[in-house]
Structures are given as structure tokens and as C-alpha cells.
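**Student:** Residue numbers (the working numbering): 9 to 54.
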């Protein structure tokens, strides 16, 4: 359990880096969902 404490402490040591990492991950998932929706739309269109 000491590793969990170290990870948790390191996450908030650099708040800017943590924020940018989370924004990047969320953006990647949103773009993946958008591209998949476009692909499905093209498949259904013809």
C-alpha cells in the first residue's frame, strides 16, 4: 500500500502536469468516439 500513497502524492505534486494529462486522455477518447461515429455514419450512408 505504500506505492498507492506515493502515486497519490506524486499526482498532486505537479498539478499542471496532472491536469494536462487528464485533458489529453479525455480528448483522445472524445476524438475516438467522434471518428467512430463518422465511420458508422459513412457505413450507413452507402
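Just so it is clear, CB atoms sit at the ideal spot from N, CA and C, and this is done for glycine as well. Remember, it's a predicted structure, so these values are computed and weren't measured experimentally.
If we ignore side chains and look at the alpha-carbon of each, how far apart do residue 53 and residue 44 end up?
**Tutor:** Using only the alpha carbons, I get a separation of about 14 Å.
**Student:** What is the DSSP secondary structure of residue 47, reduced to helix, strand or coil?
**Tutor:** Three-state result, residue 47: helix.
**Student:** Which class does residue 41 belong to by DSSP, given the choice of helix, strand or coil?
**Tutor:** Helix.
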